[in-house]
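In what follows, a single structure is set out as C-alpha coordinates and then discussed.
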Amino acid sequence: MRWTIAHKIGGLASVLILFILALFLYSIITLRGIQGELKEIAELEVPLTELTNKIEIEQLKTQITLDQILLLSQRKHTEAVDNKLSAAKSRLKIHADAPDKHIKAGIELSTAGYTAHAKPVFSEVQNALQDVEREAAVLHDELFSFVKKLETGAFPTNREIDGLLKKRGGPR
(Lines of atoms letter the chains of each structure in order from A and count residues from 1; the text may use other names and numbers.)
(Lines give C-alpha, C1' and ligand atoms only; values in the text may rest on other atoms or scores of the structure.)
Protein backbone atom coordinates (compact mmCIF):
# COMPACT_ATOMS: atom_id res chain seq x y z
CA MET A 1 0.00 0.00 0.00
CA ARG A 2 1.38 3.32 -1.01
CA TRP A 3 1.03 6.34 1.18
CA THR A 4 -0.37 8.99 -0.98
CA ILE A 5 -0.74 12.56 0.00
CA ALA A 6 -4.46 11.99 0.57
CA HIS A 7 -3.76 9.13 3.01
CA LYS A 8 -1.11 11.18 4.80
CA ILE A 9 -3.45 14.15 5.17
CA GLY A 10 -6.30 11.88 6.26
CA GLY A 11 -4.10 10.21 8.90
CA LEU A 12 -2.83 13.55 10.12
CA ALA A 13 -6.40 14.90 10.26
CA SER A 14 -7.50 11.87 12.31
CA VAL A 15 -4.65 12.40 14.78
CA LEU A 16 -5.46 16.12 15.05
CA ILE A 17 -9.17 15.40 15.60
CA LEU A 18 -8.34 12.91 18.36
CA PHE A 19 -5.96 15.43 19.95
CA ILE A 20 -8.60 18.18 19.83
CA LEU A 21 -11.22 15.81 21.27
CA ALA A 22 -8.87 14.85 24.12
CA LEU A 23 -8.10 18.52 24.77
CA PHE A 24 -11.81 19.32 24.75
CA LEU A 25 -12.58 16.55 27.28
CA TYR A 26 -9.69 17.64 29.50
CA SER A 27 -10.98 21.24 29.41
CA ILE A 28 -14.48 20.14 30.44
CA ILE A 29 -13.14 18.12 33.38
CA THR A 30 -10.88 20.99 34.47
CA LEU A 31 -13.69 23.55 34.21
CA ARG A 32 -15.96 21.38 36.35
CA GLY A 33 -13.24 21.19 38.99
CA ILE A 34 -12.78 24.96 38.91
CA GLN A 35 -16.54 25.44 39.09
CA GLY A 36 -16.68 23.28 42.23
CA GLU A 37 -13.87 25.28 43.86
CA LEU A 38 -15.52 28.60 42.96
CA LYS A 39 -18.85 27.42 44.36
CA GLU A 40 -17.14 26.35 47.58
CA ILE A 41 -15.42 29.72 47.92
CA ALA A 42 -18.57 31.67 47.01
CA GLU A 43 -20.51 29.87 49.75
CA LEU A 44 -18.07 31.37 52.24
CA GLU A 45 -17.25 34.68 50.56
CA VAL A 46 -20.81 35.95 50.22
CA PRO A 47 -21.55 35.62 53.96
CA LEU A 48 -18.17 37.17 54.77
CA THR A 49 -18.98 40.13 52.54
CA GLU A 50 -22.37 40.51 54.21
CA LEU A 51 -20.72 40.45 57.64
CA THR A 52 -18.21 43.07 56.54
CA ASN A 53 -21.06 45.29 55.36
CA LYS A 54 -22.86 44.83 58.69
CA ILE A 55 -19.70 45.77 60.60
CA GLU A 56 -19.32 48.93 58.50
CA ILE A 57 -22.97 49.85 59.06
CA GLU A 58 -22.60 49.42 62.82
CA GLN A 59 -19.48 51.58 62.76
CA LEU A 60 -21.39 54.30 60.93
CA LYS A 61 -24.25 54.05 63.42
CA THR A 62 -21.72 54.34 66.25
CA GLN A 63 -20.24 57.42 64.59
CA ILE A 64 -23.66 59.04 64.20
CA THR A 65 -24.64 58.25 67.79
CA LEU A 66 -21.32 59.60 69.08
CA ASP A 67 -21.91 62.81 67.13
CA GLN A 68 -25.38 63.07 68.69
CA ILE A 69 -23.90 62.61 72.16
CA LEU A 70 -21.33 65.32 71.49
CA LEU A 71 -24.03 67.73 70.30
CA LEU A 72 -26.34 66.94 73.21
CA SER A 73 -23.48 67.36 75.70
CA GLN A 74 -22.95 70.91 74.47
CA ARG A 75 -26.55 71.89 75.15
CA LYS A 76 -27.94 73.14 78.41
CA HIS A 77 -28.95 70.16 80.53
CA THR A 78 -32.71 69.95 80.76
CA GLU A 79 -34.83 66.89 81.39
CA ALA A 80 -35.54 66.46 77.67
CA VAL A 81 -31.85 66.76 76.76
CA ASP A 82 -30.88 64.35 79.53
CA ASN A 83 -33.45 61.83 78.27
CA LYS A 84 -32.12 62.13 74.72
CA LEU A 85 -28.58 61.81 76.02
CA SER A 86 -29.48 58.68 77.97
CA ALA A 87 -31.17 57.15 74.92
CA ALA A 88 -28.14 58.00 72.76
CA LYS A 89 -25.80 56.33 75.28
CA SER A 90 -27.95 53.20 75.19
CA ARG A 91 -27.81 53.17 71.38
CA LEU A 92 -24.06 53.74 71.51
CA LYS A 93 -23.64 50.67 73.70
CA ILE A 94 -25.73 48.57 71.29
CA HIS A 95 -23.91 49.83 68.19
CA ALA A 96 -20.48 49.48 69.79
CA ASP A 97 -21.15 45.87 70.86
CA ALA A 98 -22.72 44.72 67.57
CA PRO A 99 -19.50 44.49 65.50
CA ASP A 100 -18.05 42.00 68.00
CA LYS A 101 -20.81 39.51 67.14
CA HIS A 102 -20.23 40.00 63.43
CA ILE A 103 -16.46 39.66 63.79
CA LYS A 104 -16.81 36.40 65.72
CA ALA A 105 -19.15 35.04 63.03
CA GLY A 106 -16.63 36.09 60.37
CA ILE A 107 -13.82 34.29 62.17
CA GLU A 108 -15.93 31.13 62.30
CA LEU A 109 -16.67 31.42 58.58
CA SER A 110 -13.02 31.97 57.71
CA THR A 111 -12.13 28.90 59.79
CA ALA A 112 -14.62 26.92 57.70
CA GLY A 113 -12.73 28.20 54.65
CA TYR A 114 -9.67 26.25 55.74
CA THR A 115 -11.22 23.16 54.21
CA ALA A 116 -11.58 24.95 50.89
CA HIS A 117 -8.89 24.95 48.24
CA ALA A 118 -8.27 28.65 48.90
CA LYS A 119 -6.93 28.16 52.44
CA PRO A 120 -4.36 31.00 52.16
CA VAL A 121 -7.08 33.50 51.28
CA PHE A 122 -9.24 32.52 54.23
CA SER A 123 -6.20 32.50 56.49
CA GLU A 124 -5.57 36.14 55.55
CA VAL A 125 -9.23 36.96 56.12
CA GLN A 126 -9.15 35.35 59.54
CA ASN A 127 -5.96 37.20 60.51
CA ALA A 128 -7.49 40.51 59.40
CA LEU A 129 -10.67 39.83 61.38
CA GLN A 130 -8.66 38.96 64.48
CA ASP A 131 -6.74 42.24 64.12
CA VAL A 132 -10.03 44.13 63.83
CA GLU A 133 -11.34 42.31 66.90
CA ARG A 134 -8.30 43.34 68.98
CA GLU A 135 -8.55 46.96 67.79
CA ALA A 136 -12.30 47.02 68.45
CA ALA A 137 -11.76 45.95 72.06
CA VAL A 138 -9.33 48.82 72.67
CA LEU A 139 -11.53 51.35 70.88
CA HIS A 140 -14.61 50.15 72.76
CA ASP A 141 -12.95 50.99 76.08
CA GLU A 142 -11.71 54.36 74.80
CA LEU A 143 -15.15 55.19 73.45
CA PHE A 144 -16.89 54.61 76.76
CA SER A 145 -14.20 56.43 78.76
CA PHE A 146 -14.83 59.32 76.36
CA VAL A 147 -18.57 59.20 77.09
CA LYS A 148 -17.89 59.06 80.85
CA LYS A 149 -15.78 62.18 80.49
CA LEU A 150 -18.77 63.87 78.85
CA GLU A 151 -21.00 62.74 81.73
CA THR A 152 -18.78 64.52 84.23
CA GLY A 153 -19.42 67.74 82.36
CA ALA A 154 -15.89 68.06 81.01
CA PHE A 155 -16.13 68.60 77.29
CA PRO A 156 -13.18 67.07 75.42
CA THR A 157 -10.83 69.14 73.36
CA ASN A 158 -10.98 69.12 69.58
CA ARG A 159 -7.74 67.15 69.52
CA GLU A 160 -9.27 64.40 71.70
CA ILE A 161 -12.40 64.26 69.54
CA ASP A 162 -10.37 64.12 66.33
CA GLY A 163 -8.14 61.40 67.79
CA LEU A 164 -11.12 59.26 68.74
CA LEU A 165 -12.81 59.80 65.38
CA LYS A 166 -9.65 58.79 63.54
CA LYS A 167 -9.40 55.60 65.59
CA ARG A 168 -13.07 54.85 65.00
CA GLY A 169 -12.61 55.22 61.25
CA GLY A 170 -14.47 58.50 61.08
CA PRO A 171 -13.69 61.61 59.02
CA ARG A 172 -10.09 62.76 59.13
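In terms of our numbering, the sequence shown opens at residue 452 and continues consecutively. Even glycine gets a Cβ: it sits at the ideal position worked out from N, Cα and C. Since the model is a prediction, treat every value here as computed from it, not as a measurement.
Three-state secondary structure assigned by DSSP to residue i
{"i": "Lys544", "result": "helix"}
{"i": "His458", "result": "helix"}
{"i": "His553", "result": "helix"}
{"i": "His528", "result": "coil"}
{"i": "Ala516", "result": "Note that residue 516 is Thr in the sequence shown, not Ala. Here Thr516 sits in helix by DSSP."}
{"i": "Thr481", "result": "helix"}
{"i": "Thr562", "result": "helix"}
Cβ-Cβ separation, residue j to residue i (assumed contact under 8 Å), whole Å
{"i": "Ser596", "j": "Gln577", "result": "The Cβ separation is near 30 Å, so there is no contact."}
{"i": "Ile545", "j": "Gln581", "result": "Actually they do not touch by this definition, with Cβ atoms about 23 Å apart."}
Rounded separation between residue i and residue j - CA only
{"i": "Leu658", "j": "Ala556", "result": "Absent from the model: residue 658. The displayed extent of the chain is 452 to 623, so no value can be given."}
{"i": "Gln486", "j": "Leu499", "result": "20 Å"}
Checklist entry - Is the stretch 547 to 554 touching the stretch 509 to 519 in the sense that three or more CB pairs, one from each, lie closer than 8 Å? => result Because the criterion of three Cβ pairs below 8 Å is met, the stretch 509 to 519 and the stretch 547 to 554 touch.
Checklist entry - On the three-pair Cβ rule with 8 Å, is the stretch 569 to 587 touching the stretch 523 to 543? => result Pairwise C-beta distances place the stretch 569 to 587 out of contact with the stretch 523 to 543, as fewer than three of them are shorter than 8 Å.
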